[in-house]
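Inspection log for the structure reproduced underneath, given as structure tokens.
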Amino acid sequence: MMKKIVFVLVMIVLVNAEDSFERNCVVCHRTLPATLQEMFKRYLIVYSGEKNVKAAIKHYLLFPNKDISVMSDLFITTYGIKQPMQIEEKELQKAIDIYWEKFKVFGKLK
-15 MMKKIVFVLV MIVLVNAEDS FERNCVVCHR TLPATLQEMF KRYLIVYSGE
35 KNVKAAIKHY LLFPNKDISV MSDLFITTYG IKQPMQIEEK ELQKAIDIYW
85 EKFKVFGKLK
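Just so you know, the working numbering puts 79 at position 95 of the sequence shown, and the rest follows in order with no gaps.
The following block contains the structure:
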């Protein structure tokens, strides 16, 4: 009985601790072979800076299309194009900001 109570309490804490990025991005990307970090690298290679990367990610998430995807044709053929996100713009921007902070390389290289 005590194990069940502890488990429930831990789950409640974890659910409340999740941020916009965890709730909206990580959940689905766990099942894909390309990690979020690998996808971030692709965006960085194609779009270079913070402003362009964030704008490109936001546009793709709202209007997914093969022509603007940074993923390979093989990846798209295998896994398809995602559905447009049904999310408030403020929460989407928050998730993108967290994504950028988590994986950016600027300021981390010595």
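By construction, the Cβ of each residue, glycine as well, lies at the ideal position given by its N, Cα and C atoms.
Assigned secondary structure, D3 (DSSP; H/G/I helix, E/B strand, else coil): coil
Rounded distance between the beta-carbons of I41 and I80, thought under 8 Å: 5 Å
Alpha helix (DSSP H) segment containing R14, residue limits: First-last for R14: undefined, no H or E at that position.
Considering only C-alpha positions, which residue in the set R26, K88, G91, K74 is nearest to N8? K74
For V125, does the count of other Cβ atoms within 10 angstroms reach 16, so buried, or fall short, so exposed? No information on residue 125 is available, as it lies outside the stretch -15 to 94 that the chain covers here.
Residue interval of the alpha helix (DSSP H) (run including I41): 34 to 46
Please report how far the alpha carbon of V10 lies from the alpha carbon of R26, in whole angstroms. 17 Å
Where does E85 land, buried or exposed, given buried means 16+ other C-beta within 10 angstroms? exposed
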